[in-house]
Amino acid sequence: MEIKLRYSIVRFLNEFLAFVLATSIIVFSVSAVLLTCFHSEDFIKKNLQTYSPKTVECVNNKLEELANSTGFPVEAYTSCFDENGADLIYDKIISNINYSYITDFTDDEDIYQYFKTNLVNYCYDNGIDVSSQDISINSSLAVDAVNEVLGGTSTARIGVMRIMKSNFMIALTFIPIILIIASLALIDTLNKGRHRRLNYYGMGLTTAGAVMAFVPAFILLKSYISKYQFCENIIYNSAMIDMVEFALKVIIGIGCLCIAVGFAILISNYHYFGVKEKEHSELREHKLKMRSDYMLEYEENKAKASEMQTEIEDK
Amino acid sequence: MNKLLLRFFKRFIIVPVLVAMVAVIAISFTMPKIINESHNASVVSIPDIDMSMYKLNEYNRFGELNAGDYVATITCEDVNLSCAVCYDSTNEINAVGLQKLSHEPWNNGNVAIVGDNITNKFKYLHNVQIGTELSINYYKNAVCTYKITNVTYNHSINEIEEQLKSNNLVLCVPYTDFESPDASKLYTFYFAELGGVEEWK
């Protein structure tokens, strides 16, 4: 009874540690993927560039509206802002997104020079006679238009980025590493280094893998991320949705990998114990056979002895 | 099914799938709430004005006020605009400034207000259309409604006085004049005509 109870406690502890292992793997993988993706300015820029045509369209719509009011040639305005201009803007806002700062283009000399150069070139190429003061004033207005369309608090409102920069996120990446090592060591100790510890490693990995594969797949399937509003600016919001969805796909990949590794461990263990059980049963059968042979021989000898005894008595 | 195979299935299929299902169910309950909250948090809503931040003095004429005194609250639901207006001040963090040249609408005067579009002061004012209605709640005096009539660009600050002669309300939003030697600003003017004056509530 005591042995049975001890066995149950050890099994419960093993399974609990397997859950700790699974949870730690999940937390570590998710936070590591998010930190890697969202800390990379190249990654943010690449995702923003997907929306360059949309950015150009939004800015040009605003510039067209302004040109209609100011009397400045509409084509001059709309043709001077292209995807290079969008890239210039992205370079300015990436760090604002990364550090959750407000974006203010009001005094941005680079964007002003970009507009001014393009307006001068357009007017020169198309023979439009516009004074340099007009160019200057309208370039300043264009910078204000960019500020209205793409500036403001949007870049500071992306909560995910604030979380990524917090100490909490760094703790969420490093504490699970300690927990993973501790749970692996404790499972090993509880099982005294025996082969069955791999069962719990395998179960932990498979459980972590299943959660990391099914949950993000469910989130993507239900389009939860595309319904989430990261900020009011449609372009930054769309880029953030793409970034998070990419991170979820990476997590699904890691989940599948964990399932594969967990399966390999469990199947090899299943094979190992299968072989071991076969050996045991063969040994048991062999022992039983030896015992039955012995008993047979014993019975025979006993019968012989009894016969001999009878013979002696008869004599 | 032997005991070994049963254990294998338990560890590879039953436990992981059960845990994943629990997580999926938890997500399906919590995510819609999180999504709703994100809409509430990120969609720009009309901010509440915290009156305790301002110097409140009763007045009948703007001239009775000191620089920085609270004058009114300007509101436009169409563009999520709600902002305090302080007298003769452009440096207030949470308020736009009423120009000294302004006169009370209940005395047939016209009003000019200057505010930047960097912070939330006049950030979304550029979304107004001709005909958009906005209201100004003059502290303990009147609630005036205005209708946007025109938007013009590339003005200097000196033009306000001239524009005030023919317009009931001029909202001025500055932007940088990059070629200006004295770092002066250019302005976008939003003109509005007075629609009605109601008693202050």
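Just so you know, the protein sequences line up as chains A and B, in that order. Under this note's numbering, think of the first position of the first sequence as 1, with each following residue one higher. Under this note's numbering, think of the first position of the second sequence as 1001, with each following residue one higher. Built from N, CA and C at the ideal position, the CB exists for glycine as well. Keep in mind that this is a model prediction, so the values were computed, not measured.
Check: Hey, is His1155(B)'s beta-carbon within less than 8 Å of any beta-carbon in chain A?; Outcome: no
Check: Counting only beta-carbon separations shorter than 8 Å, does Lys227(A) have a partner in chain B?; Outcome: yes
Check: Taking only three categories from DSSP, how would you classify Asp1078(B)?; Outcome: helix
Check: DSSP three-state call for Ile1136(B): helix, strand or coil?; Outcome: strand
Check: How many whole angstroms separate the CB atoms of Ala210(A) and Val1024(B), which I take to be in contact at a CB cut-off of 8 Å?; Outcome: Actually they do not touch by this definition, with Cβ atoms about 10 Å apart.
Check: Taking the continuous alpha helix (DSSP H) assigned at Thr310(A), which residues delimit it?; Outcome: Ile234 to Asp314
Check: Residues of the segment 1169-1188 of chain B with a CB closer than 7 Å to any CB of chain A: list them in chain order, please.; Outcome: Tyr1175, Thr1176, Asp1177, Phe1178, Glu1179 and Leu1186
Check: Anything in chain A within Cβ reach of Lys1123(B), meaning under 7 Å, just list it in chain order.; Outcome: Gly152
Check: Quick one: which unbroken alpha helix (DSSP H) runs of 4-plus residues sit fully inside the segment 76-116 of chain A? Chain order, please.; Outcome: 83-99
Check: Which chain A residues are close to Leu1004(B), counting only those with a beta carbon under 9 Å from its beta carbon?; Outcome: Tyr270, Phe273, Gly274 and Glu277
Check: Is the beta carbon of Ile1049(B) sitting closer than 8 Å to the one on Thr1073(B)?; Outcome: yes
Check: Between the segment 66-80 of chain A and the segment 103-120 of chain A, are three or more C-beta pairs nearer than 8 Å?; Outcome: yes
Check: Taking the Cβ atom as the reference point for each residue, do Thr1188(B) and Val143(A) lie within a distance shorter than 8 Å?; Outcome: no
Check: Using beta-carbon positions only, say whether Tyr200(A) and Leu35(A) come within less than 8 Å of one another.; Outcome: no
Check: Could you give the first and the last residue of the continuous beta strand (DSSP E) run that contains Pro1174(B)?; Outcome: Leu1169 to Thr1176
Check: Between the Cα of Val120(A) and the Cα atoms of Ser132(A), Glu232(A), Ile259(A) and Leu141(A), which residue gives the shortest distance?; Outcome: Ser132(A)
Check: Please report the distance separating the alpha-carbon of Glu313(A) from that of His286(A).; Outcome: 40 Å
Check: For a test of the three-state rule: what should DSSP assign to Val130(A), helix, strand or coil?; Outcome: coil
Check: For a test of the three-state rule: what should DSSP assign to Val1019(B), helix, strand or coil?; Outcome: helix
Check: Let me make sure I understand the geometry here. Which of Phe81(A), Met290(A), Thr23(A) and Ser8(A) has the alpha-carbon closest to that of Met203(A)?; Outcome: Thr23(A)
Check: List the residues of chain A whose Cβ lies closer than 7 Å to the Cβ of Val1151(B), in chain order.; Outcome: Ser69
Check: Per DSSP, what kind of secondary structure is Leu13(A) in: helix, strand or coil?; Outcome: helix
Check: Taking only beta-carbon atoms, is Ala1084(B) less than 8 Å away from chain A?; Outcome: no
Check: At the 8 Å Cβ level, is Ala1023(B) part of the contact set with chain A, yes or no?; Outcome: yes
Check: Quick one: list the residues of chain A neighbouring Val1096(B), beta-carbon separation under 7 Å, in chain order.; Outcome: Near Val1096(B) there are no residues of chain A at all, since even the closest Cβ is about 16 Å away, more than 7 Å.
Check: Would you kindly report the start and end of the unbroken alpha helix (DSSP H) that includes Val1096(B)?; Outcome: Taken as a continuous stretch (DSSP letters only), Val1096(B) belongs to no alpha helix (DSSP H), being part of the beta strand (DSSP E) at Ala1095 to Leu1098.
Check: How many angstroms separate the CA atom of Lys276(A) from the CA atom of Asn269(A)?; Outcome: 10 Å
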